[in-house]
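Residues 300 to 1038 in this note's numbering are what the sequence shown spells out, letter by letter.
Beta carbons are placed, not taken as given, at the ideal position from N, Cα and C, and that holds for glycine.
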Amino acid sequence: MAKLIMVSNRLPVVFGADSAVTRTAGGLVSALKGAGLDCEQLWVGWTGAADEDLENPEVVRASARREGFVPVFLNRDDIASFYEGYANATLWPLLHYMVERATFSKDWWNAYQRVNGKFAEAIMEVADDGDLVWIHDYHLFLLPALLRGRKQGLRVGFFLHTPFCSSEIFRVLPERVPLLEGVLGADVIGFHTYNYLRHFRSSLLRVIGLETETEGMWHNGREIRLGVYPIGHDHAGFDHAMRRDDFPEILARHRADLGGKRLILNVERLDYTKGLPEKLAAMRKFLEQNPDKRADVLFVLVAVPSRQGVQEYDALTEQVQREVGAINGEFGRMGHAPVQLLHRSFPLEDLAAFYALAEVCLVTPLRDGMNLVAKEFVDCQHEELAVRPGVLILSEFAGAAQELSHALQVNPHDVDDVVAAIGRALEMPDDERRLRIGMMQERLRKQDCSVWARRFLRELGEVPARNERVPVMEMQPLAAMLAAQVQAGRKLGLFLDYDGTLRGFVDVPDDAVPDAELRPLLADLASCDHVFLAVVSGRAPYFLEQHLGGLGVTLVAEHGYQWLDGGKGEWALFNAVNNEWKSAVREHLEQTSLLTPGTHVEEKQSALVWHYRQADPEFGLWRARGLMHELTALAANLPVVVHHGQKMVEVSSLLVSKGEAVRFLIRHQGCDIALAAGDDATDETMIALEPDGVEFISVRIGTGSTRARYRTDLTGMRMLLTELRSALKSRTGPNEVGA
Ligand code: GDG
């Protein structure tokens, strides 16, 4: 049975004396526990210590393995350059939109690659065919691609816990291309919010020119799914803490400490993304503007130490400590300091008690992937434990803002906005507080971290089923079946689109000439007995004849307007067609072309095409939609069809279609079995054929809605043809195939 291999930068353990392993709690651990999986689980991650400080790595490895952990060993240089360097001083600030804090260093990048490699090796030592590997976070962007192809059927998921920044920020990274290509090794890529997914897609488009759809893409012969999986908090963990026998005692102790003050709580890792200095500015202003509240309220800042020893974090700690002192100096009085900084970590039950007692929870990160504190606070609000129901103030820049629409949402950069929200929260009537919390609580408790893990793993678990349609699996048997039919004396017709099916797209259409392999491949196939091969393209005759003529391949040009039998001789028309409509349409296309840099109009005998492949992708698409709108109205009275294809809008004569051309050729050639393959809507006219008495197989290349029986991509299509050629060769003997 397949096992689950979790992979995160750090293992959820600490190694004590004699390398004894103690498990630590944490969101991911609870998520997995709650997900109730009944398969074997392993966890791969860094030990948390430098190799130089480990007495005996082999003992650490052995004791970790006994508990289901697979340690990755990092030395001091790895820690400084990979962890503190590239991961936390390059990627972390950039993903959080803090470009000015990001530092770029080639040495760090080298270390990042090296350490991702170490993770890959550690995984390979324990992975078996078909296992699920779930990789977490920005430390390991390169890992999915490093695993690809190294075990049969390994299913790799990647989840990003941070935001994914806008492509305008991401493309600042010198290593933007390998980073994106690294993640694309995964089968499922997950984000907290739709916005992050959107930014990731736009980086794929802008940085490596990869077009995708919201659900995912086809890339290098396989499907990659994209998804939005907002992480939930550890509901079970907090529930358990609050049901402890000693919880009332803990609560009473903290309530007594409060001494009747109204608690405004703030819990976070001390990190510059969390916006503590900005929050302190709001507290200062609130106290300044509300002298009557100074003695009533208590701002408690639980700031868990983070990345200590890193200069930027140490400086932030000092800055916060100084500012807290200054505010208290200014607004405190004998026996009461309005701001309390607790710079340490607390047991979960204490945290739960803080949340339960807080009247306001102030969660104002400048950027945050999700922010679990906001969710935990809402969950821990129990009417019978609190003095009054609590109010959540939440930054609109936290991923959690998408789900927690009943919080008071603020812009953390706008001090006045935060001050106003604090005032409004303190004044809010109990009914409104209750209503808001109630609405959010219901949703959060149903969407906790275990639900999140189950959802992601369900998607990942479905990968094999989907991949059965991937060429490696599907194309071999298909090729064998086709070859067997030919061998049995039945006539096979192959009807293949050119651009996007036999050849990838390039910026200048005339540059999309056949690669070195393609011409002999098509010639070999066309020369087989009982095989008829036609390239059915939207291209003009001259292009097809120049590049694919003389190979024995029949050429069909302009979407089925005319054809060249066997690739030589005279072109013939399928149908007599009236092209008088052209002048009315030409003007529209030329106008659009003038207004859109990087576009041009192509004139064919039976069609006019506006190409926008070299335009800005989004601008081009926007214009194309506008043009479609105009042309559809215009075309209502003309004998034409308007079609929005791959980076082009084409207007062609109504009587012309690839489908009709293929129907004619199947009959003309007396095919018993036929295969049609294409990548866009014009190809759907042949894909949708159901020719009488003919076994018909259709293949769609790439994404988009289709009636085809199979789906693959360019690589898969090429594999099918290559497989078919070798299957035919092995059946008919080398001398009978090809010239
Ligand atoms: C990253 C992303 C995303 C805090 N103080 C104590 C304590 N905590 C716990 C909280 C909460 C967790 O730490 C902090 O989680 P956040 O979500 O707020 O933030 P990050 O650590 O930055 O996490 C973030 C998250 O990954 C998950 O995907 O939400 O956006 O940056 O659970 O309860 N726990 C205990 N004592 C403390 O004093 N026991």
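- The Cβ-Cβ distance between Gly429 and Trp407 does not fall below 8 Å.
- DSSP places Ser318 in no alpha helix (DSSP H); its state is neither H nor E.
- Of all alpha-carbon atoms in Gly1001, Glu983, Leu974, the one lying nearest the alpha-carbon of Val993 is that of Leu974.
- Under the three-state reduction of DSSP output, Thr346 falls in the strand class.
- Rounded to whole angstroms, the separation of the alpha carbons of Leu586 and Phe598 is 10 Å.
- About 12 Å separates the CB atoms of Pro311 and Thr346; that is not less than 8 Å, and the two are not in contact.
- Taking 7 Å as the cut-off, the C-beta of Leu562 does not count as close to any heavy atom of the ligand GDG.
- Residue range 546-557 is occupied by the alpha helix (DSSP H) that includes Pro547.
- DSSP places Val414 in the helix class (H, G or I) of the three-state scheme.
- Under the three-state reduction of DSSP, Asp796 is assigned to coil, being neither helix nor strand.
- Counting every other CB atom within 10 Å of its CB across the protein chains shown gives Asp377 a total of 16 or more, marking it as buried.
- The beta carbon of His635 lies closer than 7 Å to those of Ala594 in the same chain, with the five residues before and after it left out.
- In the displayed model, Gln639 falls within a strand according to three-state DSSP.
- For Gln861, the enclosing beta strand (DSSP E) covers residues 861-863.
- Using a cutoff of 7 Å, the CB of Glu567 counts as near the ligand GDG, since one of the ligand's heavy atoms is closer than that.
- Between the region 650-666 and the region 678-698, the count of Cβ pairs shorter than 8 Å is three or higher; the stretches touch.
- Look at the beta carbons and you see the region 643-651 touching the region 526-541: at least three pairs across the two are nearer than 8 Å.
- The Cβ atoms of Leu442 and Ile434 lie closer than 8 Å to each other.
- Following the DSSP letters along the chain, one finds Glu512 in no beta strand (DSSP E), marked with neither H nor E.
- Following the DSSP letters along the chain, one finds Gly489 inside the beta strand (DSSP E) bounded by residues 487-490.
- Excluding five sequence positions before and after Glu611, the CB atoms of its chain that fall closer than 8 Å to its own CB belong to Ala388, Arg400, Tyr571, given in chain order.
- In this structure, the ligand GDG has no non-hydrogen atom nearer than 7 Å to the beta-carbon of Met305.
- Taken from the Cβ of Ser997, every heavy atom of the ligand GDG lies 7 Å or farther away.
- In this chain, Phe368 is not harboured by any alpha helix (DSSP H); it is covered by the beta strand (DSSP E) spanning 368-373.
- A distance below 8 Å separates the beta carbons of Ser307 and Gly344.
- Cβ contact annotation for Arg475 (same chain, cutoff 8 Å, sequence separation greater than five): Phe469, Ser502, Val506, in chain order.
- In this model, Glu622 and Asp352 are separated by some 36 Å (Cα to Cα).
- Assigned with DSSP and collapsed to three states, Glu994 falls in strand.
- The DSSP-derived three-state label of Arg583 is helix.
- Along the region 619-682, the beta strand (DSSP E) occurs as fully enclosed runs of 3 or more residues at 638-641, 659-662, listed in sequence order.
- No residue range can be given for Val876, since it is assigned to no alpha helix (DSSP H) and is classified by DSSP as neither H nor E.
- When C-beta atoms of the region 752-761 are compared with those of the region 792-807, fewer than three pairs fall below 8 Å, so the two segments do not count as touching.
- Within the same chain, Cβ atoms closer than 8 Å to the Cβ of Asp864 are found at Thr853, Ala871, the five residues on either side in sequence being excluded.
- Excluding sequence positions up to five before and after Gly574, its CB lies within less than 6 Å of the CB of Thr663, Pro664, Leu665, Pro711, all in the same chain and listed in chain order.
- The straight-line gap separating the alpha-carbon atoms of Pro462 and Phe490 is approximately 8 Å.
- In the DSSP assignment, Arg309 forms a beta bridge with Trp345.
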